[in-house]
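Following the working numbering, the numbering of the sequence shown begins with 86 at its first residue and continues without gaps.
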Amino acid sequence: MKCAVFASGGGSNFQTLLDHQKAGDLHVSFAVLVTNNSSAFACERARRHNVPVVHLAPSTFVDEASYTRALMQVLTDSGVELIILAGYMRKLPSAVVSAFRNRIVNIHPALLPAFGGKGLYGEHVHQAVLDYGAKITGVTVHFVDEEYDHGAIIRQETVRVEDGDTAETLAKRVLAVEHATYWRAIEALAQGRLRVENRRVVGHV
Ligand code: GRF
Numbered sequence: 086m087k088c089a090v091f092a093s094g095g096g097s098n099f100q101t102l103l104d105h106q107k108a109g110d111l112h113v114s115f116a117v118l119v120t121n122n123s124s125a126f127a128c129e130r131a132r133r134h135n136v137p138v139v140h141l142a143p144s145t146f147v148d149e150a151s152y153t154r155a156l157m158q159v160l161t162d163s164g165v166e167l168i169i170l171a172g173y174m175r176k177l178p179s180a181v182v183s184a185f186r187n188r189i190v191n192i193h194p195a196l197l198p199a200f201g202g203k204g205l206y207g208e209h210v211h212q213a214v215l216d217y218g219a220k221i222t223g224v225t226v227h228f229v230d231e232e233y234d235h236g237a238i239i240r241q242e243t244v245r246v247e248d249g250d251t252a253e254t255l256a257k258r259v260l261a262v263e264h265a266t267y268w269r270a271i272e273a274l275a276q277g278r279l280r281v282e283n284r285r286v287v288g289h290v
C-alpha cells in the first residue's frame with residue numbers, strides 16, 4: 086500500500102513506521118513525506134530513508150483552492166492510497182478529505198472523544214487531562230473526517246495517569262504507547278483487515 090506521511094514536527098511516530106517497514110512487519114511503501122514546515126526533523130528522517138519530501142505551506146499559495154490543487158497533484162502523481170498524519174499541524178482541505186474518505190488516518194494522544202478538538206494538541210492535551218483529574222488517558226488511532234479528532238476510531242490503548250505526573254512525563258509515556266500502536270493499525274489497513282460500517286470500524290487490528 087502506497088502511503089503519504091504528513092508531519093510538521095519531530096516525526097518520532099514516522100520513525101517507528103520506517104523502522105517497522107524496514108524490519109518487514111509493516112507492509113507499506115512511503116511514497117512521499119508532505120510537510121508544512123521545511124525545518125521539521127521529520128524531513129531529515131525521510132531523507133535518510135530515501136523518502137521524497139514535499140514542502141507545501143498553505144500560506145505561500147494565493148488561495149485555498151490553489152493549495153488544494155497542488156496537494157492533490159502531489160498525492161495523485163505519487164499514486165498515494167493512504168494518508169498517514171503523524172503530527173501534522175494543519176487541517177486538511179475538505180476536498181482532500183473527501184477524495185480520500187476512510188483512507189486518511191491520524192493518531193491522537195488521548196482517548197477520544199475526550200480531550201480532542203481544535204486547540205487540543207501536543208502538551209495542551211496532557212495538561213487538559215491533568216487539569217480535569219482524569220485517571221486514565223491513552224492514544225486513539227482514527228480515520229480523519231472534516232472535523233478535528235472526530236473520524237471513526239480504529240484502535241485505542243490506555244495509559245494510567247500517575248500521581249505527580251506533569252504534562253511532560255505523561256506525554257512521554259503516551260508517546261511510547263503511540264509508537265507501539267500506530268504501525269499495527271496501519272498494518273491492519275494495509276492487510277485489508279478493517280472495514281467501516283456506518284461510523285464503526287470493524288475487524289481485527
Ligand atoms: C504525537 O503525540 C501525536 O499523537 C500527535 O502529534 C504528535 C507527533 O509526535 N498527533 P511526533 O512528531 O511523531 O514525535
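We treat Cβ as the ideally placed atom computed from N, Cα and C, and that holds for glycine.
Here's the rule I'm using: 16 or more other beta-carbon atoms within 10 Å means buried, otherwise exposed. How should residue i be labelled?
i	result
Asn191	buried
Asn98	buried
Thr161	exposed
Arg130	buried
Gln158	exposed
Thr243	exposed
Val147	exposed
Val292	Given a span of 86 to 290 for the chain in the structure shown, any question on residue 292 remains unanswerable.
Thr251	exposed
Gly96	buried
Glu263	buried
Glu272	buried
Gly172	buried
Ala275	buried
Thr145	exposed
His211	buried
Ala50	Shown here, the chain extends from 86 to 290; a query on residue 50 therefore has no answer.
His105	buried
His227	buried
Ala89	buried
His193	buried
Ala108	exposed
Ala150	exposed
Could you tell me which residues DSSP puts in a beta bridge with residue i?
i	result
Lys87	Ser114
Arg245	Ile221
His134	Answer by DSSP bridge pairing: none, since His134 is not bridged.
Thr120	His140
Ile238	His227
Gly288	Leu279
Would the beta-carbon of residue i be found less than 6 Å away from any heavy atom of ligand 3?
i	result
Pro194	The model depicted lacks ligand 3 and carries ligand 1 instead.
*Between the segment 209–220 and the segment 177–187, do at least 3 Cβ pairs fall closer than 8 Å?*
no
*asked:* For a minimum of 3 consecutive residues, which ranges assigned as the beta strand (DSSP E) are wholly contained in the segment 142–221?
replied: 167–170 and 189–193
*Three CB pairs or more closer than 8 Å across the segment 136–149 and the segment 114–125*: yes
*Contact between the segment 190–204 and the segment 221–235: three or more CB pairs below 8 Å?*
yes
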